[in-house]
Each structure stands twice: as C-alpha cells, then as structure tokens.
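Reviewing the structure listed below.
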Amino acid sequence: MAESSAADAPEPDPGERGGLTVKERVVDKIAVRAALSVPGVVRQGSGLSRLTGRELPRTLSVVTGGAVAVGVHIAVAWPCSLAQVADSVQRAVTDQLRTFAGLPVSRVDVSIVAMVPPEQPDLPAPTDAGPTQPGPTEPDPAEPDLGTPDPTASDRTDPPRPTDTAEGAPA
Numbered sequence: 001m002a003e004s005s006a007a008d009a010p011e012p013d014p015g016e017r018g019g020l021t022v023k024e025r026v027v028d029k030i031a032v033r034a035a036l037s038v039p040g041v042v043r044q045g046s047g048l049s050r051l052t053g054r055e056l057p058r059t060l061s062v063v064t065g066g067a068v069a070v071g072v073h074i075a076v077a078w079p080c081s082l083a084q085v086a087d088s089v090q091r092a093v094t095d096q097l098r099t100f101a102g103l104p105v106s107r108v109d110v111s112i113v114a115m116v117p118p119e120q121p122d123l124p125a126p127t128d129a130g131p132t133q134p135g136p137t138e139p140d141p142a143e144p145d146l147g148t149p150d151p152t153a154s155d156r157t158d159p160p161r162p163t164d165t166a167e168g169a170p171a
C-alpha cells in the first residue's frame with residue numbers, strides 16, 4: 001500500500017499555470033543590451049541625451065499577438081562595415097529576445113543614425129589640473145629690447161583723407 005505524495009504528482013501544463021506578460025520597456029532594455037553587445041556599436045549621448053531619450057542606442061518596440069517588432073537606432077564606430085554591424089544587431093536582438101523574454105520576434109529594423117570618429121591618439125590628454133596659462137617669461141637677451149610704445153607718438157600710416165570745405169562737401 002503505497003501512498004502518493006504531492007511531490008510525485010505531475011506538473012500542470014504551463015498554459016494552465018498562468019500567463020506571461022513582458023512589457024515593452026523590458027523588451028527595449030533587452031534590445032539595447034543586445035545591440036551594445038555587437039562589436040562596432042557604441043553608446044552615444046550626454047546626460048541631457050539620457051534625460052530627453054535621445055541617447056543611442058535606443059529602441060521602440062511593439063508587442064502584439066505574442067510577437068514583438070523592434071526598431072533599433074544605433075551609433076557605430078568608424079571604421080566598420082555598416083551592413084555587417086546591422087546584420088549582427090538584428091541577429092543579437094532576435095536571439096536575446098527569444099532567450100530572455102521568450103517572445104517570437106516578427107521584425108527587427110536597424111537604423112544607423114550616427115557614426116563616431118576614432119579617437120585621436122596624437123592629441124595630448126587633458127590633465128586634471130585644468131588648462132594652463134602661459135606665465136610671465138624672462139626677456140631673451142639675444143632679442144633687441146623694443147621698449148614700450150609711446151602712446152603719443154604719431155606713427156600712423158593711414159592714408160590722408162580729403163578735408164571738408166565750408167559747404168560741407170569734400171574739396
């Protein structure tokens with residue numbers, strides 16, 4: 001006489017346990033992370049861009065009928081193959097949405113809206129001390145001392161101007 005326990009009972013069908021709802025903002029976050037995982041895609045934007053929603057990459061997703069359609073706007077680093085990066089973003093977004101959200105993906109549209117130039121390695125790096133101002137320098141004894149110009153001296157080289165006549169017309 002064996003007693004059956006609750007642990008031995010079969011699991012209910014997943015459809016009988018309840019539903020899964022994935023909000024579009026969650027889909028957007030997964031898509032942004034997927035896009036950033038692709039070599040060549042870079043994050044672009046400042047603090048103000050983040051506040052206004054203009055930071056890249058950014059996405060717009062629509063979940064309808066259990067499937068998701070995503071538009072992804074990205075910035076890429078120069079130089080890179082735009083077609084190859086766009087294809088890789090489509091695959092990464094599709095794979096990660098299927099894996100993490102469990103959603104079928106009906107469409108992934110990629111728009112490359114910015115290209116970031118490479119960093120200039122030959123430019124000096126900024127210092128923490130801030131910009132430096134040239135200080136006073138000692139005069140070079142090899143250079144002649146021209147002295148301070150006399151503000152009353154008349155060394156103007158302006159061309160002569162016509163003088164006015166009594167009637168106010170030039171002479």
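The sequence shown begins at 1 in the UniProt record's numbering and counts up one residue at a time. Just so it is clear, CB atoms sit at the ideal spot from N, CA and C, and this is done for glycine as well.
The way I'd put it, the segment 94–106 doesn't touch the segment 75–86; fewer than three beta-carbon pairs between them come closer than 8 Å.
Excluding five sequence positions before and after Ala101, the CB atoms of its chain that fall closer than 8 Å to its own CB belong to Val22, Val26, Val27, Ile30, Val68, given in chain order.
Within the same chain, Val42, Gln44, Leu56, Ala114, Val116 come within 6 Å of Ala75 by CB-CB distance, once the 5 residues on both sides are set aside.
At the C-beta level, Val93 and Val108 come within 8 Å of one another. The Cβ atoms of Gly40 and Ala77 sit closer than 8 Å to each other.
When the Cα atoms are used, His73 and Glu119 turn out to be separated by approximately 22 Å.
Ranking Asp87, Arg33, Pro10, Arg17 by CA distance to the CA of Thr59 puts Arg33 first.
In the structure shown, Arg54 falls within a coil segment according to DSSP collapsed to helix, strand and coil. Sequence-distant partners of Ile112 (beyond 5 residues in either direction) whose C-beta falls short of 7 Å from its own C-beta, in its chain, are Ile74, Val76, Leu82, Ala86. For Ser106, the enclosing beta strand (DSSP E) stretches over residues 105–116. The beta-carbon separation of Gly66 and Pro104, rounded to 7 Å, stays under the 8 Å limit for a contact. Collapsing the DSSP output to three states places Ser46 in coil. Counting along the chain, Val26 sits inside no beta strand (DSSP E); it lies in the alpha helix (DSSP H) bounded by residues 24–36.
Each of Arg17, Asp13, Glu16, Leu36 was checked against the Cα of Gln90, and the nearest Cα belongs to Leu36.
Under the DSSP assignment, Ala77 falls in the beta strand (DSSP E) whose first and last residues are 67–77.
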